[in-house]
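Chains as they are written, first to last, in the working numbering: chain A, 29 to 189; chain B, 29 to 189.
Here you go:
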């Protein structure tokens, strides 16, 4: 996301993995929350494809702040140690959907094993409204805080979700 | 502080500013807390002498983590906006004390105006124990959580402190 821009994104659960997943790019992602402020500001570290970042994100709201800072391996390990009990692991597959759209399909592991979600980012509100999900995509959970990664890391899978 | 090392530091209130302060190096410091986790992990941004840093610190405890990451002006401004209501401003004077020791004398401003503290770091426990504070140094507050900058930013001056 462009820090100055507005992200138009929808999120869905996934009923079954689509065919041809082996041919897509897949990255293992480890993510740990270093601190979550009382006002919802989150500070997390993430390791993906050999690259580590520290991200500070404001709580969802009208003026969104998101800063992603590259960090080296030593710093990642140090900060990761502060995230115990607030971690998630997942493998992200980039699945082309046609019309220039790409689905980010996340296959969670560890305590969240069994959870599959997909996020699609759109170039415009019109493209978002016109989107017809492929058959393997299930219930929409856009904006559902229980499926935010912060919440999944802290509270695990929503009951009956 | 060397991240791998152990810091031996004592903190005192200051009764009156020492003479000759104009001749010491003085830096204005602005510090804002971006997030403070429920377990005490703090994430703060600081601007000092034209340099900005993001610091992540574990809660006080046996295994201390402290990571200081340089950030640029744009990132500082962005993260600073997340610290509203959790900020302090102070001018730090470096006052030579003899025996190779330097006092970090902080003169707070804004809502904390009137507060003066001094911190001295020692090369050894023996040097710390042998330290005789100069006459302008007042009551010791080493380890008093009410005088930690995080607490001062959140709660202001301790009542009657």
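Beta carbons are placed, not taken as given, at the ideal position from N, Cα and C, and that holds for glycine. The structure displayed is predicted, hence computed values, not measured ones.
Our two residues, residue 111 of chain B and residue 175 of chain A, have alpha carbons roughly 26 Å apart in a direct line. DSSP lists A/146 and A/168 as the bridge partner or partners of residue 40 of chain A. Residues of chain B with a Cβ closer than 8 Å to the Cβ of residue 180 of chain A do not exist; the shortest Cβ-Cβ separation is about 17 Å. Residue environment for residue 168 of chain A: exposed (fewer than 16 other C-beta atoms within 10 angstroms of its C-beta).
Residue-level contact by beta carbon holds for residue 93 of chain A and chain B, with a gap shorter than 8 Å. Distance from the CA atom of residue 85 of chain A to the CA atom of residue 171 of chain A, rounded to whole angstroms, is 16 Å. For the region 114-158 of chain B, the continuous beta strand (DSSP E) assignments of 3+ residues that do not extend past its boundaries occur at 115-126, 129-136 and 144-149, in sequence order.
When C-beta distances to chain B are compared with 9 Å, every residue of the region 137-171 of chain A stays at or above that value. In this structure, residue 61 of chain A keeps its C-beta atom at 8 Å or more from the C-beta atom of residue 76 of chain A. DSSP places residue 55 of chain A outside any alpha helix (DSSP H); the residue lies instead in the beta strand (DSSP E), whose first and last residues are 53-64. Excluding its 5 nearest sequence neighbours in each direction, residue 131 of chain B has C-beta neighbours in its own chain below 6 Å: 123, 125, 146 and 148, listed in chain order. Distance from the CA atom of residue 109 of chain B to the CA atom of residue 154 of chain B, rounded to whole angstroms, is 43 Å. Here residue 91 of chain A carries a coil assignment [DSSP, helix/strand/coil].
DSSP places residue 182 of chain B within a helical segment (H, G or I) once states are collapsed to three.
The beta carbon of residue 82 of chain B lies closer than 6 Å to those of 73, 97 and 99 in the same chain, with the five residues before and after it left out. For residue 69 of chain B against residue 54 of chain B, the beta-carbon gap comes to about 31 Å, at or over 8 Å, which does not count as contact.
Counting only runs of at least 3 residues, the region 67-112 of chain B fully encloses the following beta strand (DSSP E) elements, listed from N- to C-terminal order: 70-76, 79-85 and 94-99. Below the 7 Å Cβ cutoff, chain A contributes no neighbours of residue 116 of chain B, its closest Cβ being approximately 17 Å away. By alpha-carbon distance to residue 106 of chain A, the top candidate from A/116, A/121, A/93 and A/80 is A/80. For residue 103 of chain A, the chain B residues whose C-beta falls within less than 7 Å of its own C-beta are 95, listed in chain order. About 24 Å separates the Cβ atoms of residue 181 of chain A and residue 91 of chain A, ruling out a contact at the 8 Å cut-off.
Under the criterion of beta carbons closer than 8 Å, residue 113 of chain B and residue 137 of chain B do not qualify as touching, at roughly 17 Å.
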